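Chemist: Residue numbers (my numbering), protein chains in the order written: chain A, 1 to 112; chain B, 113 to 226. By construction, the Cβ of each residue, glycine as well, lies at the ideal position given by its N, Cα and C atoms. Quick caveat: nothing in here was measured; it's all calculated off a predicted structure. My questions will all concern the structure given below.
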């Protein structure tokens, strides 16, 4: 079945550091790919998405590129802030599935 | 602002005592979802409604039921909560069931079972 694998957390960085959170997927169809962020005690918020190969999603300084050849959708940010501390989920949805399949989440902590 | 609202934010119930969680939306979306998220885990889909059509995931226990009386509201009923049902319950909506559609999540209801 469809699945998403994210890099193990937790990840701890200093403010202004470069961030990469790896995400790879396995899908039987042609998926759309998503990054969601969950702040403590809250629901999930869409961070960015890409719906076809080579699309780049971007929002709030975060970027991810849909790479079909490597089945990856890695999340990057050039300079992280303390306010970026949260759990990040990579997810996919394939035609006909009618649901999101999530990775296990990566907890990110940014220290001042 | 258009949004997804969940009530209550925190719910405490006793083992075996039925409980209902509520979700409402002002987005006028056709699809509403219920996810269960246990501590430090990914959300897991329980079921969803596409308009009035109910779609249950194969591994969702019978103990979990849902109702959607109108477009705006959807309820999650847990008939006999067990300790293993303690979790965050997330409601989400989307315009349709296309794989490209974004799902919009509410803040969640954290359920404690004593």
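1) Does chain A have any CB closer than 9 Å to the CB of residue 205 (chain B)?
2) Give the residues from the segment 67-100 of chain A that approach chain B closer than 9 Å (Cβ to any Cβ), ordered along the chain.
3) Strictly by DSSP, which residues pair up with residue 111 (chain A)?
4) Take residue 219 (chain B) and list the residues in its own chain whose beta-carbon comes closer than 7 Å to its own, dropping the five residues that flank it on each side.
5) Given a limit of 9 Å on CB to CB distance, which residues of the segment 186-218 of chain B reach chain A?
6) Just checking my contact of residue 38 (chain A) with residue 89 (chain A) at CB under 8 Å: how many whole Å lie between their CB atoms?
7) Using a 10 Å radius around the Cβ and a threshold of 16 neighbouring Cβ atoms, would you call residue 111 (chain A) buried or exposed?
8) Using the Cα positions of residue 54 (chain A) and residue 164 (chain B), report the straight-line distance between them to the nearest angstrom.
9) Note down the Cα distance separating residue 139 (chain B) from residue 212 (chain B), rounded to an integer number of angstroms.
10) Buried or exposed, going by whether 16 or more other CB atoms sit within 10 Å of the CB of residue 84 (chain A)?
11) So residue 160 (chain B) contacts chain A; which residues on that side make the cut at Cβ distance below 9 Å?
12) Are there 16 or more other CB atoms within 10 angstroms of the CB of residue 197 (chain B), so buried, or fewer, so exposed?
13) Pairing CB atoms from the segment 199-213 of chain B with CB atoms from the segment 131-151 of chain B, are three or more of them under 8 Å?
14) Given this structure, state the Cα-to-Cα distance separating residue 137 (chain B) from residue 115 (chain B), to the nearest angstrom.
15) At a CB distance below 7 Å, what residues from the segment 16-43 of chain A approach chain B? Give them in sequence order.
16) Would you check if the distance between the CB atom of residue 226 (chain B) and the CB atom of residue 133 (chain B) is smaller than 9 Å?
17) Mapping DSSP to helix, strand and coil, what is residue 103 (chain A)?
18) Would you check if the distance between the CB atom of residue 33 (chain A) and the CB atom of residue 61 (chain A) is smaller than 9 Å?
19) Which partner residues does residue 192 (chain B) have in the DSSP bridge list?
20) Along the beta strand (DSSP E) that carries residue 57 (chain A), what are the first and last residues, could you check?
21) Between the Cα of residue 182 (chain B) and those of B:166, B:193 and B:190, spot the shortest distance and give me the residue it belongs to.
Modeler: Taking the geometry as given:
1) Contact of residue 205 (chain B) with chain A is not assigned, every C-beta pair being separated by 9 Å or more.
2) 87, 89, 91, 92, 93, 94, 95, 96, 97, 98, 99 and 100
3) Bridge partners of residue 111 (chain A): A:14.
4) 118 and 121
5) 200, 202, 203, 204, 209, 210, 211, 212, 213, 214, 215, 216, 217 and 218
6) 7 Å
7) Exposed is the call here.
8) 36 Å
9) 17 Å
10) buried
11) 98 and 99
12) buried
13) yes
14) 6 Å
15) Flagged, chain order: 31, 32, 42 and 43.
16) no
17) coil
18) no
19) Bridge partners of residue 192 (chain B): none, in fact.
20) Segment 56-59, the beta strand (DSSP E) holding residue 57 (chain A).
21) B:166
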